[in-house]
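Enquirer: Take the sequence shown: its position 234, counted from the start at 1, is 233 in numbering that gives the first Met the number 0, and no numbers get skipped. In this text, a Cβ means the ideal position worked out from N, Cα and C, and glycines have one as well. Have a look at this one.
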Amino acid sequence: MNLFVKQEDINSEDYFVVTYQIKTDKNLRDAAWNIAIGQSVGNPNVRNRWETEDLFKNHSCLILANEKSLMKKKRGEVKIAFPVVNTDWQTDGISHLLCQIMGGHVDIDLVKSCRVIKLELPQKVTSQFKGPKFGMSGIREFTGQYNKPLFGAIIKPKIGISPETLLDMVKELVDGGVDFIKEDEIMSNPNFCPLEKRVELISNYMATQSKKVVFCHTINCDPHVLVDRVTKVHSLGGNGVHINVWSGYGAYNSIRQLDLPIYIHYQSSGAKVVTDAQHRFSISWTVMCQLATLMGVDTIQTGMVGGYSNHDEAETLECIRILREGNTVPALSCGLHPGLVDKITNLVGNDYLGNAGGAVHGHPEGTLSGAKAMRQAIDKTYGTEYDQAIAKWGKIQ
């Protein structure tokens with residue numbers, strides 16, 4: 000069977016298409032062949048009697064290129080079309096999708112490096128996912144904040160505090176004007192600050208407040224615990240959960256499929272292990288953001304411009320564009336402070352969540368003043384707290 004075809008000659012609803020950047024010491028034709036066969040039907044170079052012509056026709060990947068043109072190259076972009084029929088999209092989900100697009104071919108010697116840079120999904124696939132339950136539109140409606148960035152605060156210290164200390168901190172953040180609070184990814188369920196106790200204290204307090212705030216509790220854990228944790232947070236009155244990528248990329252889809260009235264925050268700390276372009280094998284962060292909004296996360300730690308973690312500006316802007324199309328809120332943090340708010344807003348517009356941790360709690364007058372300073376920066380209602388923050392961190396143009 001000829002696996003080399005033009006993209007316009009395939010039924011776009013029957014395949015999802017992955018664009019790879021590949022390097023090989025042989026040629027792109029052989030590298031593409033190894034990916035197409037190895038990630039669908041079987042051994043790239045050994046056929047057997049069970050592999051019928053119909054099986055190949057219905058289940059083999061296709062290579063969307065001219066075969067001869069790939070023979071002359073050792074590096075470049077190649078598009079592989081994966082049959083939609085090979086996946087049960089409702090139950091296999093994102094985990095199996097990732098297994099297919101970045102799996103066994105990374106073990107083949109002739110594929111020296113391989114990076115996923117684009118993912119084209121047909122409506123037949125995207126319709127199987129719920130997308131965000133709330134997202135930007137829902138959070139704006141809940142908090143009553145429109146035509147300006149959303150203000151998020153991060154709990155610091157990351158670990159070591161008691162539930163009572165956490166509550167005291169939260170009270171100052173709420174009084175300071177936050178729209179969103181997240182626990183940091185290091186705190187999940189330590190015995191000195193158990194999740195259940197934290198949720199009870201915070202949700203009971205939030206229920207007494209007129210100001211509406213999204214609070215995302217960290218629930219990092221293995222799959223057999225994850226669903227129980229998110230349902231526990233919901234049953235105790237919590238309205239948000241924070242899951243780090245190391246709980247599994249499919250974790251977000253699992254939670255969204257529960258369809259609970261709960262905000263889902265995707266924390267990307269550690270994602271560079273998978274997405275960094277300097278690695279021999281990787282998946283671009285833009286593709287991972289595309290999958291995030293498909294799975295239904297409401298907010299995602301997207302990157303930062305001008306902070307201590309200064310991400311590639313073009314990539315960050317493209318990720319923000321992708322997320323906004325799917326109604327997922329791009330969260331920018333890692334060095335955000337009041338003096339950076341105008342610069343970032345001028346660059347990306349109003350539709351983002353500015354998450355600040357150190358610059359809130361490290362304000363010269365403490366957490367309450369730090370929250371007020373960020374609120375003043377976002378609202379452009381500058382006061383003493385903002386002036387003190389600018390004196391400490393500066394105004395970035």
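Could you tell me the distance, in whole angstroms, from the CA atom of A376 to the CA atom of D341?
Expert: Start at 1 with the first residue of the sequence shown, and residue 376 comes out as number 377. Start at 1 with the first residue of the sequence shown, and residue 341 comes out as number 342. In a straight line, the C-alpha of A376 is about 8 angstroms away from that of D341.
Enquirer: Taking S39 and P82 to be in contact with their CB atoms under 8 angstroms, please state how far apart those CB atoms are, rounded to whole angstroms.
Expert: By one-based count along the sequence shown, residue 39 stands at place 40. By one-based count along the sequence shown, residue 82 stands at place 83. Confirmed, about 7 angstroms.
Enquirer: Please work out which residues of its chain come closer than 7 angstroms, Cβ to Cβ, to V4, disregarding the five sequence neighbours upstream and downstream, and give them in chain order.
Expert: Along the sequence shown, one-based indexing puts residue 4 at 5. If we look at V4 and ignore the five residues flanking it on each side, its Cβ neighbours are L61, L63.
Enquirer: Could you pull out every residue in the same chain whose Cβ sits closer than 7 angstroms to the Cβ of H104, ignoring the five residues on either side in sequence?
Expert: Taking the first residue of the sequence shown as 1, we reach residue 104 at position 105. Taken in chain order, the residues that qualify are N33, I34, G37, Q38, V110, C113.
Enquirer: Give the range of the alpha helix (DSSP H) segment to which A152 is assigned.
Expert: Counting from 1 along the sequence shown, the entry for residue 152 is found at position 153. From DSSP, A152 is part of no alpha helix (DSSP H) but of the beta strand (DSSP E) over 149-153.
Enquirer: Which value, in whole angstroms, describes the spacing of the CA atoms of C220 and I389?
Expert: The residue labelled residue 220 in the question sits at position 221 within the sequence shown. The residue labelled residue 389 in the question sits at position 390 within the sequence shown. Using only the alpha carbons, I get a separation of about 39 angstroms.
Enquirer: Would you tell me roughly how many angstroms separate the C-alpha atoms of G176 and G130, rounded to the nearest one?
Expert: By 1-based counting over the sequence shown, the position of residue 176 is 177. By 1-based counting over the sequence shown, the position of residue 130 is 131. Using only the alpha carbons, I get a separation of about 29 angstroms.
Enquirer: Should the region 356-374 be called in touch with the region 326-343, which here means at least 3 C-beta pairs below 8 angstroms?
Expert: yes
Enquirer: Please state the DSSP three-state secondary structure of I319.
Expert: Your numbering for residue 319 matches position 320 in the sequence shown. Here I319 sits in helix by DSSP.
Enquirer: Where DSSP assigns a beta bridge to Q300, which residues make up the other side?
Expert: Counted from its first residue, the sequence shown places residue 300 at position 301. Answer is A330, bridged to Q300.
Enquirer: Using a Cβ-Cβ cut-off of 8 angstroms (strictly less than) and excluding sequence neighbours within five positions of Q89, which residues of its own chain qualify?
Expert: Residue numbering aside, residue 89 sits at position 90 when the sequence shown is read from its first letter. For Q89, where only same-chain residues beyond five positions count, the Cβ hits under 8 angstroms are Q127.
Enquirer: Report all residues from its chain with a CB closer than 8 angstroms to the CB of S268; omit the five preceding and five following residues, and keep chain order.
Expert: Residue 268 sits at position 269 when you count from the first residue of the sequence shown. Taking C-beta separations shorter than 8 angstroms and ignoring five residues to either side along the sequence, the partners of S268 in its chain run E184, N243, V244, Q300, following chain order.
Enquirer: So, helix, strand or coil for F191, using DSSP?
Expert: Sequence index remark: in the sequence shown, residue 191 carries index 192 (1-based). The answer is coil: DSSP assigns F191 none of H, G, I, E or B.
Enquirer: So, are the CB atoms of V272 and V212 less than 8 angstroms apart?
Expert: Locating residue 272 in the sequence shown gives position 273, counting from the first residue. Locating residue 212 in the sequence shown gives position 213, counting from the first residue. Going by C-beta atoms, V272 is not nearer than 8 angstroms to V212.
Enquirer: When DSSP labels each residue in this structure, what does R114 get in the three-state scheme?
Expert: Within the sequence shown, residue 114 is the residue found at index 115, counting from 1. Note: R114 maps to strand in three-state DSSP.
Enquirer: Using a Cβ-Cβ cut-off of 6 angstroms (strictly less than) and excluding sequence neighbours within five positions of Y145, which residues of its own chain qualify?
Expert: Taking the first residue of the sequence shown as position 1, residue 145 is located at position 146. So the qualifying residues of the chain are R139.
Enquirer: How would you label C192, buried or exposed, when you count the other beta carbons within 10 angstroms and need 16 or more for buried?
Expert: By one-based count along the sequence shown, residue 192 stands at place 193. By the 10 Å Cβ count, C192 comes out buried.
Enquirer: Assign W284 to one of two classes, buried (16 or more other C-beta atoms within 10 Å of its C-beta) or exposed (fewer than that).
Expert: The residue given as residue 284 occupies position 285 in the sequence shown. With 16 or more Cβ atoms within 10 Å of its Cβ, W284 is classed as buried.
Enquirer: Cutting at 8 angstroms between CB atoms, please list the residues of its own chain near G143, excluding the five before and the five after it.
Expert: In the sequence shown, the residue the question calls residue 143 occupies position 144. Excluding positions up to five away in sequence, the list reads K211.
Enquirer: Which whole-angstrom value is the C-beta distance of T230 and M186, which I expect to be below 8 angstroms?
Expert: Position 231 of the sequence shown, counting from 1, holds the residue named residue 230. Position 187 of the sequence shown, counting from 1, holds the residue named residue 186. Not a contact, Cβ separation roughly 20 angstroms.
Enquirer: Have a look at M205 and L166 and give me their C-alpha separation to the nearest angstrom.
Expert: Here residue 205 corresponds to residue number 206 of the sequence shown, with the count starting at 1. Here residue 166 corresponds to residue number 167 of the sequence shown, with the count starting at 1. Using only the alpha carbons, I get a separation of about 10 angstroms.
Enquirer: My output table needs one value for G75: the three-state DSSP class, helix, strand or coil.
Expert: Start at 1 with the first residue of the sequence shown, and residue 75 comes out as number 76. Strand.
Enquirer: Which runs of the alpha helix (DSSP H) spanning at least 4 residues fall entirely within the region 221-264, listed in chain order?
Expert: 222-234, 249-257
Enquirer: May I ask you to list the residues that DSSP assigns as paired with G353?
Expert: For the purposes of this step, residue 353 is identified with residue 354 of the sequence shown, where counting begins at 1. Partner(s): F150, L331.
Enquirer: If you run the structure through DSSP and keep just helix, strand and coil, what is Y145?
Expert: As a position in the sequence shown, residue 145 is number 146, starting the count at 1. In this structure, Y145 counts as coil in the three-state DSSP scheme.
Enquirer: Beta carbon of S11, beta carbon of P121: below 8 angstroms?
Expert: Along the sequence shown, read from residue 1 onward, the residue named residue 11 stands at position 12. Along the sequence shown, read from residue 1 onward, the residue named residue 121 stands at position 122. The answer is yes: Cβ separation under 8 angstroms.
Enquirer: Given a cut-off of 8 angstroms on the beta-carbon distance, is the pair T23 and E76 in contact?
Expert: For the purposes of this step, residue 23 is taken as the residue at position 24 of the sequence shown. For the purposes of this step, residue 76 is taken as the residue at position 77 of the sequence shown. Cβ distance not < 8 angstroms, so T23 and E76 don't count as in contact.
Enquirer: If you follow the beta strand (DSSP E) that C215 is in, where does it begin and where does it stop?
Expert: By 1-based counting over the sequence shown, the position of residue 215 is 216. Unbroken beta strand (DSSP E) run through C215: 213-217.
Enquirer: Identify, in the order they occur along the chain, each residue of the same chain with its Cβ nearer than 6 angstroms to the Cβ of T292, setting aside the five sequence neighbours on each side.
Expert: Here residue 292 refers to the residue found at position 293 when the sequence shown is read from its first residue. The residues are L322, G325, T327.
Enquirer: When you compare each of I153, D108, S94 to P222 by their alpha carbons, which one comes out closest?
Expert: As a first step, residue 222 must be located in the sequence shown, where it is residue number 223. Measuring from the Cα of P222, the nearest candidate turns out to be S94.
Enquirer: Per the DSSP calculation, E119 is bridged to which residue(s)?
Expert: Here the question's residue 119 lines up with position 120 in the sequence shown. According to DSSP, E119 bridges with V16.
Enquirer: Around the Cβ of V475, are there at least 16 other Cβ atoms within 10 angstroms (buried) or fewer (exposed)?
Expert: Examination of residue 475 is not possible in this model, given that the chain is present from 0 through 396 alone.
Enquirer: Where does T82 fall in DSSP's three states?
Expert: Along the sequence shown, read from residue 1 onward, the residue named residue 82 stands at position 83. One point to set straight first is that residue 82 is Pro, not Thr, in the sequence displayed. Residue state, collapsed to three classes: strand.
Enquirer: Going by Cα to Cα distance, which pick from G393, Q20, I261, T315 is closest to G295?
Expert: On the sequence shown, position 296 is the one that residue 295 refers to. The candidate whose alpha carbon is nearest that of G295 is I261.
Enquirer: Could you have a look at L61 and say whether DSSP puts it in helix, strand or coil?
Expert: Here residue 61 refers to the residue found at position 62 when the sequence shown is read from its first residue. Three-state DSSP puts L61 in a strand.
Enquirer: Could you have a look at S368 and say whether DSSP puts it in helix, strand or coil?
Expert: Walking along the sequence shown from the start, residue 368 turns up at place 369. S368: helix per DSSP, three-state reduction.
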